[in-house]
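**Student:**
In the working numbering, the protein residues as written are 242 to 488.
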């Protein structure tokens, strides 16, 4: 169910133990070849497919298109909330549902820059409501729920990469610009591993992409979208079976 399609009495009538899914994405540069709305477009498609399978087993909030993308702001087209502001935004999004009695909040993420503040948000909420035993506060990215490695050059999600480029080729090929076959791979790794280095995108990529978009195909994209959507459905179904939700 999409909460945006419902009136408030219909929302009020829902079981408060239904998982509430809050999709969070971004609008930011995606190299020379992909639209700045890539993360939002892809997460919206995963959510559309998942909602169609789940029906009344989950309540989906509207997709939050602004993300924590300050590391991309050297590139035009990026629209970002600063990290601390974004953390407060996520906290308030969850609180909107918690104050009305919902007990399961799942941030479903579609942008790498949202991972740290997203995890911090659910961590802080759990500390605030530390005496509640009925709350389930979750964060994950949609690509965590499937590992479609066979037949792909990349083994994990990048940025404007083989995976994202393939999915946009499947979903909206008219939005892919130029000859992707002429693009070159940009490595995932950076110096000083295993330490985490503070970085901005231009430290790692002159073009803005990270990964191997030249290997993308629409067929790979449909496989990725189907795999990720099915993984999300399976996970949310398991969340709905959490014992406090069944009491």
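Even glycine gets a Cβ: it sits at the ideal position worked out from N, Cα and C.
Contact between the stretch 344-356 and the stretch 291-311 is defined here as three or more beta-carbon pairs at a separation below 8 Å; is this criterion met?
**Tutor:** As far as the Cβ criterion goes, the stretch 344-356 touches the stretch 291-311, which means the pair count is three or higher.
**Student:** Return the first residue and the last residue of the alpha helix (DSSP H) that residue 337 is part of.
**Tutor:** Counting along the chain, the alpha helix (DSSP H) containing residue 337 begins and ends at 324-339.
**Student:** In whole angstroms, give me the CA-to-CA distance for residue 338 and residue 261.
**Tutor:** In a straight line, the C-alpha of residue 338 is about 8 Å away from that of residue 261.
**Student:** Give the DSSP-derived three-state secondary structure of residue 273 in the structure shown.
**Tutor:** Three-state DSSP puts residue 273 in coil, outside helix and strand.
**Student:** Any contact between the stretch 245-260 and the stretch 292-301? By contact I mean 3 or more CB pairs, one from each, below 8 Å.
**Tutor:** In short, these stretches touch, since the Cβ pair count reaches three.
**Student:** Compare the Cα-Cα distances from residue 461 to each of 405, 478, 444 and report the closest residue.
**Tutor:** The shortest C-alpha separation from residue 461 is found at 405.
**Student:** Thinking residue 348 and residue 265 are a contact (beta carbons under 8 Å), I'd like their distance in whole angstroms, please.
**Tutor:** Correct: roughly 6 Å between the Cβ atoms.
**Student:** Would you say residue 366 and residue 335 are within 8 Å of each other, going by their C-beta atoms?
**Tutor:** Yes, these two residues count as a Cβ contact at 8 Å.
**Student:** DSSP state of residue 417, grouped into three classes?
**Tutor:** DSSP places residue 417 in coil when its eight states are reduced to three.
**Student:** Spatial neighbours of residue 443 within its chain, please: C-beta separation below 6 Å, excluding the five flanking residues on both sides.
**Tutor:** Closer than 6 Å at Cβ, skipping near neighbours: 315.
**Student:** Can you check whether the CB of residue 452 is closer than 8 Å to the CB of residue 390?
**Tutor:** Their beta carbons are not under 8 Å apart, which means residue 390 does not touch residue 452 by this criterion.
**Student:** Examine chain D for any beta-carbon lying closer than 8 Å to the beta-carbon of residue 403, and answer yes or no.
**Tutor:** Any reference to chain D falls outside this structure, which holds one protein chain only.
**Student:** When the Cβ atoms of the stretch 279-294 are set against those of the stretch 464-477, are three or more pairs found closer than 8 Å?
**Tutor:** Contact holds: three or more Cβ-Cβ distances are below 8 Å.
**Student:** Between the Cα of residue 267 and those of 472, 382, 413, spot the shortest distance and give me the residue it belongs to.
**Tutor:** Ranking the options by Cα distance to residue 267, first place goes to 382.
**Student:** Based on the DSSP secondary-structure assignment, which residues constitute the bridge partners of residue 475?
**Tutor:** For residue 475, which the question treats as bridged, DSSP gives no partner whatsoever.
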